[in-house]
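Visitor: Structure in structure tokens, see below.
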Amino acid sequence: MGLPSRYPVPQIESIKFRQVTPSIDQIWIWVKLYCQENPEQIFSKALDVSLQKNLLWNQAIPFLEKEQWKRAKQFLDKILILDEHDSLIHFNMGAITRNLGNFEQSLIHYQKSENIFNDERTFYTNRARTYEALGEKEKAILDYKKALELMSSDAFTLDSLVRLKELVELYQDPKDPHSKILVKIEDYVDSVKS
0 MGLPSRYPVP
10 QIESIKFRQV
20 TPSIDQIWIW
30 VKLYCQENPE
40 QIFSKALDVS
50 LQKNLLWNQA
60 IPFLEKEQWK
70 RAKQFLDKIL
80 ILDEHDSLIH
90 FNMGAITRNL
100 GNFEQSLIHY
110 QKSENIFNDE
120 RTFYTNRART
130 YEALGEKEKA
140 ILDYKKALEL
150 MSSDAFTLDS
160 LVRLKELVEL
170 YQDPKDPHSK
180 ILVKIEDYVD
190 SVKS
């Protein structure tokens, strides 16, 4: 019958926190596109807010790196006061509140992040990790599958699906660790039956 369909085995690990700071040119382009009246005044305000957010983010980074979640959260809370529509800050707040054990709040932040900017693989993998912590395996699996649609060879996502028994890890040569393949559980079960 041959081998069932399989996923590529990746070599890289996923990212924990992410921040993208818009350039002055990006801010100006956004203002010109979306603001009909007083673009110069709005640009000045947008630039001011961006600089304040940048300063707060730079203050949060050392606490994120040291996993001092409560301290980092204080700075990200201030950023959300300045800009409640910052999807990447909501994403990071989802990770922080999950790490603090507040899973419901974590899901709220991930949902806000997804609603604002919904095509980032890391949003889905981090929300899936929160669902796992809540014991909601099926929801976690759905989010990991969404993440795979966006980045099919992500190591963390594939390992998570193996752990949740959605994928099976097989070796074409048991003596060669590089011969590992990942197979959908239903394909594996069907191939074993035949």
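Oh and the sequence shown: position 185 is 184 in numbering that gives the first Met the number 0, straight run, nothing missing.
From the three backbone atoms N, C-alpha and C, an ideal C-beta is built for every residue, glycine too.
1. For residue 140, collect the residues of the same chain with a Cβ closer than 8 Å to its Cβ; drop the 5 residues on either side in sequence, then sort them by chain order.
2. Under the DSSP definition of a beta bridge, which residues are partnered with residue 170?
3. Using the Cα positions of residue 39 and residue 47, report the straight-line distance between them to the nearest angstrom.
4. Using the C-alpha atoms, what's the distance from residue 89 back to residue 103?
5. Do you know how far the Cα of residue 55 is from the Cα of residue 63?
6. How many whole angstroms separate the CB atoms of residue 182 and residue 169, which I take to be in contact at a CB cut-off of 8 Å?
7. Name the residue from 82, 81, 84, 96 whose alpha carbon lies nearest to the alpha carbon of residue 71.
8. Whose CA, out of 129, 75, 65, lies closest to the CA of residue 52?
9. Taking only the alpha-carbon atoms, compute the straight-line gap between residue 158 and residue 143 and give it to the nearest angstrom.
10. Please report the straight-line C-alpha distance between residue 69 and residue 153, rounded to a whole angstrom.
11. Label residue 167 either buried or exposed according to how many other C-beta atoms from any shown protein chain fall within 10 Å of its C-beta, with 16 as the threshold for buried.
12. Taking DSSP as the reference, what is the three-state secondary structure of residue 152?
13. Once DSSP output is grouped into helix, strand and coil, what is the label at residue 188?
14. To the nearest angstrom, report how far apart residue 178 and residue 172 are at their CA atoms.
15. Spatial neighbours of residue 176 within its chain, please: CB distance less than 6 Å, with the 5 preceding and 5 following residues excluded, ordered by chain position.
16. Would you kindly report the start and end of the unbroken alpha helix (DSSP H) that includes residue 103?
17. Classify residue 160 as helix, strand or coil using the three-state DSSP reduction.
18. Report the three-state DSSP secondary structure of residue 40 (helix, strand or coil).
19. Please report the distance separating the alpha-carbon of residue 100 from that of residue 133.
Guide: With the given structure in hand:
1. 127, 160, 163, 165
2. 179
3. 12 Å
4. 13 Å
5. 12 Å
6. 6 Å
7. 96
8. 75
9. 10 Å
10. 29 Å
11. buried
12. coil
13. helix
14. 6 Å
15. none
16. 102 to 115
17. helix
18. helix
19. 10 Å
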